[in-house]
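Report on the structure given below.
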Amino acid sequence: DTEVTQTPKHLVMGMTNKKSLKCEQHMGHRAMYWYKQKAKKPPELMFVYSYEKLSINESVPSRFSPECPNSSLLNLHLHALQPEDSALYLCASSQEETGGYNEQFFGPGTRLTVL
Amino acid sequence: AQSVAQPEDQVNVAEGNPLTVKCTYSVSGNPYLFWYVQYPNRGLQFLLKYITGDNLVKGSYGFEAEFNKSQTSFHLKKPSALVSDSALYFCAVRDVRASGYSTLTFGKGTMLLVSP
Chain X
25 DTEVTQTPKH LVMGMTNKKS LKCEQHMGHR AMYWYKQKAK KPPELMFVYS YEKLSINESV
85 PSRFSPECPN SSLLNLHLHA LQPEDSALYL CASSQEETGG YNEQFFGPGT RLTVL
Chain S
2 AQSVAQPEDQ VNVAEGNPLT VKCTYSVSGN PYLFWYVQYP NRGLQFLLKY ITGDNLVKGS
62 YGFEAEFNKS QTSFHLKKPS ALVSDSALYF CAVRDVRASG YSTLTFGKGT MLLVSP
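Chains X and S supply the protein sequences, listed in that same order.
One gets my numbering by counting positions in the first sequence from 1 and adding 24 to each.
One gets my numbering by counting positions in the second sequence from 1 and adding 1 to each.
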């Protein structure tokens, strides 16, 4: 299985809602990533987990809260978002990331709209 | 900090013609370079990478890239373009943080449009 899956595909939420994005991989990868992507722009790194521990937080606002329950799962909890948070949220995984030579495998993304 | 530049916002090519999508890099140390493609409403797909070794790297879907150290370039090429190659292409470079962890720094992207 060489796939990264993400659910839901689409999400519409109000600014007071709480929702979660889910990402799953079964490739045995030990590094997992969250990115935010605006239309026709490059992905912006948000968080990196390495061996289930948060290794990089790109100064993301606390209304985004990542969680890595186990080596195959990555969640992104959303609370009190702003309309400017509307974007495509991409999850990725790689074998590990200290060497930097492993390619990342991306999921199809969750299209988030904040009203 | 490591960076890559994609000088063209868009590249237009006719089907059957060769295509080139340009990427130049600025790094300290040895560059680890990657190309990804993104089709509409999809995630990024890995095409190829240069870590070390042969300067000509072959990847998925008939794409290849040439690493040129003197010109600090890593251009993506394909001998014969297909309409289905139309997509957004990103060049990326490894960026090693002070913590020792590595991330990818992406270029701004180049839209490739292949006309029938």
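Ideal Cβ placement from N, Cα and C applies to all residues, glycine included.
From a predicted model like this one, the values you see are computed outputs, not experimental measurements.
1. Taking a Cβ distance cut-off of 8 Å, strictly less, list which residues of the stretch 60-85 of chain X are near chain S, in chain order.
2. Going straight from the alpha carbon of Arg98 of chain S to that of Pro117 of chain S, what length do you get?
3. Whose C-beta lies closer than 7 Å to the C-beta of Tyr37 of chain S among residues of the same chain, with five residues either side of it excluded?
4. In whole angstroms, give me the CA-to-CA distance for Ile52 of chain S and Ser27 of chain S.
5. State the beta-bridge partners of Gln75 of chain S as determined by DSSP.
6. Taking Ala93 of chain S as part of the beta strand (DSSP E), name the residues at either end of that continuous run.
7. Measure how close the beta-carbons of Leu100 of chain X and Leu45 of chain X come, nearest whole angstrom, since I'm counting them as under 8 Å.
8. Shorter than 9 Å from the beta carbon of Leu114 of chain X to some beta carbon of chain S?
9. State yes or no: is the C-beta of Gly124 of chain X within less than 9 Å of the C-beta of Thr104 of chain S?
10. By how many angstroms is the C-alpha of Phe130 of chain X removed from the C-alpha of Cys115 of chain X?
11. Quick one: residues in its chain with C-beta nearer than 7 Å to the C-beta of Val72 of chain X, no 5 flanking neighbours on either side, listed in chain order?
12. Would you mind stating whether Leu77 of chain S and Glu65 of chain S have Cβ atoms separated by less than 9 Å?
Taking the geometry as given:
1. Lys64, Lys65, Pro66, Pro67, Leu69, Val72, Ser74, Ser79 and Ile80
2. 44 Å
3. Leu45, Gln46, Phe47, Leu48, Phe91 and Ala93
4. 15 Å
5. Correcting the residue identity first, residue 75 of chain S is Phe in this sequence and not Gln. The partner list for Phe75 of chain S (beta bridge, DSSP) reads S:Phe68.
6. Ala88 to Val97
7. Yes, Leu100 of chain X and Leu45 of chain X are in contact; Cβ-Cβ is about 4 Å, under 8 Å.
8. yes
9. yes
10. The straight-line gap from Cα to Cα measures roughly 6 Å.
11. Apart from sequence neighbours up to five positions away, the residues of its chain that approach Val72 of chain X with a beta-carbon distance below 7 Å are Ala55, Tyr57, Ser79, Ile80 and Glu121, ordered along the chain.
12. Cβ atoms of Leu77 of chain S and Glu65 of chain S: closer than 9 Å.
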